[in-house]
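Read in order, the letters of the sequence shown correspond to residues 31 to 573 in this note's numbering.
Glycine is no exception: its CB is placed at the ideal position from the N, C-alpha and C atoms.
Computed from a prediction, not measured in an experiment: that's the story for all the values here.
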Amino acid sequence: MAIVTFLVMVPLLALIYGSFRTAAPGAEGEWTLRNYAALMSPGILRTMGITLVTGLLCSALCIVIGTAITLIVHRTDFRHGKLVTACVGLAFYFPSFILAMAWIIIGAPGGMWNTILGNWLGLEWLRIDIYSLMGIIFVMVLHQVPFVYLTMRGPIMGMDGIYEEAARVAGASPARVMGKVTLPLLSFSLLSSFILTFIITLEQFAIPALLGIPAQVNFLATQLYLLVRFSPTDYGLAAAVGLSLSAITGAAIWAQRRITKAGRLTTVTGKTSRLNPIKLGRWHWLASLFCFGFIALSLFLPMLILIYTSVIKWYNANPFAAAYTLQHYEAIFASASTMRAFTNTIIVSGVGAFLGVVLGLLTSYFTVRSTATRSSYLDFVATLPFGVPGIVLGLGLLWAYAYLPLPLYGTLLLIIVSFITRYLPYATETMSGQMVQIDKSLEEAAWVSGATKAQGVRRILLPLIAPSVQGAYFLMFMAFFREISSAILLYTSATAVVSISIWAFFEQANWGLASALSVIATLIIFVAMALITALFPAARRKN
């Protein structure tokens, strides 16, 4: 309880403190309400409006596209379901900042799309500009649809077919069954997924920063970044902006929790009735085009462009006229700073995820197994990071460790602390979900037989929840490896991780090095995902 309270509450309280100060962290200043008054300025209000409207629009598009793909794969006779599921899973782990960089290379004013269609073919009306609000929405939708697919896959696969079969027998067409039976039964899952997607959109930093800052389209997360990183800095206003963003995401999480607890429809019964899949017939080609078209835009095309850019000396939209080389890969492996970033990333992901799982396991045990009032408090505090965007958490830690007498600032341990704090709910939610299903009488039987409580946990509980423990480690490892938002304000040259190195290369307009490092990082993510699921088959079954 003390550790979780310290990890979660210290940065939040430090952020509240900083929002009432006039100076930067660690500097002398005065108490003020100016920062909150500035939230009502036209610029901040406009940024807040853009953030909210974009979040709602992105969430709606993601729900429509993600649910459509899920229904095609799991409710029709679609022949390529396993392939689509595998590719969407890979797209889910494709880092957002790497996806944004790939689409900058494709859709920037001087990018490949505009060069080929505009300059070479003369099709000026097909020109696009990824540096725009619509470009941001497009890339965000590509990044977040896999999340909707994965959240809706379980409810759709678990539905009892008896309801739809009854409608079919009554003479309803497949379209009418979908509109009158299937989607209403999924209404609460759809609403819950919509809110979670909305939260992810609000928390998103990399895509709005890479695409929005050049276009002068600011979101709350990027506004916070600009206030801290560029002159004139205003840490107090940044803290106030961060708290307002956390308040919005916190309210959305509260609404999502209320929906999942209070509004449920029974879709799985004791009587199983397997629904005959809807026959696509002559529409099979359209379903294939829809599914694989999305996969091409969100995974294959970005990876192909990054690979191409990483093996040419300088940018050239014509692959037949480009000068090919492996010098970017050679430079990466010859760079001491980049190799240090790889080492830092492995330490942060491997060790940090292990520590996070241990803390999450202990937290889950005391919140699920204990009936004391303090367990409710622990559960509340442990879930708070769900409502705190990564860059807001990073700013809170920046404030906190400027004052605390702890030698953490500028160390790799601070990066690990920020990642564990941000993703602790991943561990607790994953393990609590299975732990709550295990009757306490199993441990009590071990105690009656002479075992201690610790032995009961080790010999009875841990083997039973092993799939969730392995799944939690898998999720945290992958999240730590690709995380950037909570580290962007905390890193130094000695503590930079791979995501920060890619970001730095791209900021320097070195597309070749950024692309090469992105390709290597993505391959490591995919290989690590394959190894973890192969070594821990229980984690694969869980996820």
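First and last residue of the uninterrupted alpha helix (DSSP H) at residue i
i	result
E154	Here E154 belongs to no alpha helix (DSSP H), and DSSP marks it neither H nor E.
Q500	496-512
F168	163-188
I455	Per the sequence shown, residue 455 should be read as Pro rather than Ile. Here the alpha helix (DSSP H) through P455 covers 442-465.
K112	111-122
Q234	Here Q234 belongs to no alpha helix (DSSP H), and DSSP marks it neither H nor E.
N65	64-68
I99	72-105
W61	Premise fails: W61 is in no alpha helix (DSSP H) and is neither H nor E.
Q538	Careful: Q538 lies outside any alpha helix (DSSP H) and carries neither H nor E.
F322	314-325
T252	250-259
M31	Unbroken run through M31: none, as it is neither H nor E.
P204	204-207
T574	No statement about residue 574 is possible, as the shown extent of the chain runs from 31 to 573 and does not include it.
Y354	Neither: Y354 is in no alpha helix (DSSP H) and is coded neither H nor E.
V422	420-433
F330	F330 -> no alpha helix (DSSP H), and no H or E assigned at all.
G137	126-137
Y193	192-199
S471	471-478
K483	483-486
Beta-carbon spacing of residue i, residue j below 7 Å
i	j	result
T375	L442	no
P238	F228	no
C117	Q174	no
S365	V549	no
L241	I135	no
I421	L254	yes
A317	L327	no
C88	V169	no
M55	L428	One point to set straight first is that residue 55 is Pro, not Met, in the sequence displayed. Result yes, Cβ atoms of P55 and L428 sit closer than 7 Å.
S162	A68	no
L494	I468	yes
A383	M559	no
F535	A544	yes
A457	G380	no
T522	G426	no
L216	P185	yes
A282	I325	no
A130	A44	no
A121	L329	yes
P497	R452	no
V34	A412	yes
L392	M31	no
T52	E58	no
V207	A196	no
Check: residue i C-beta below 6 Å from any heavy atom of the ligand GDP
i	result
T145	In the structure on display, the ligand GDP does not appear, and there are no ligands present to speak of.
Assumed close pair residue i, residue j - CB separation to whole angstroms, cut-off 8 Å
i	j	result
A132	L319	No, A132 and L319 are not in contact; Cβ-Cβ is about 22 Å, not under 8 Å.
I308	R105	6 Å
K210	A202	7 Å
A347	M142	5 Å
L520	I532	Going by Cβ atoms, the distance from L520 to I532 rounds to 17 Å, so no, they are not a contact pair.
L434	G386	Rounded, the Cβ-Cβ distance is 21 Å, inconsistent with contact.
L275	N65	Their Cβ separation, rounded to whole angstroms, is 14 Å, which puts L275 and N65 out of contact at 8 Å.
I445	V527	7 Å
L221	I158	About 33 Å; that fails the 8 Å criterion.
G486	G280	Not confirmed; about 36 Å, so no contact.
V103	T84	Wrong, their Cβ atoms sit about 28 Å apart, outside the cutoff.
Y338	P349	6 Å
S448	S516	5 Å
P41	A430	5 Å
I278	L232	6 Å
I562	F504	5 Å
V258	I80	Actually they do not touch by this definition, with Cβ atoms about 20 Å apart.
Kindly provide the ranges of any beta strand (DSSP E) runs that are 3 or more residues long and lie completely inside the stretch 362-396, ordered along the chain.
-> Within the stretch 362-396, no beta strand (DSSP E) run of at least 3 residues lies entirely inside it.
Using 8 Å as the Cβ pair cut-off and three pairs as the minimum, do the stretch 506-517 and the stretch 120-130 touch?
-> Taking 8 Å as the limit for Cβ pairs, the verdict is that the stretch 120-130 does touch the stretch 506-517.
Three or more C-beta pairs closer than 8 Å, one from the stretch 265-276 and one from the stretch 416-432: is that the case here?
-> yes
Three or more C-beta pairs closer than 8 Å, one from the stretch 96-111 and one from the stretch 177-196: is that the case here?
-> yes
When the Cβ atoms of the stretch 459-475 are set against those of the stretch 385-400, are three or more pairs found closer than 8 Å?
-> yes
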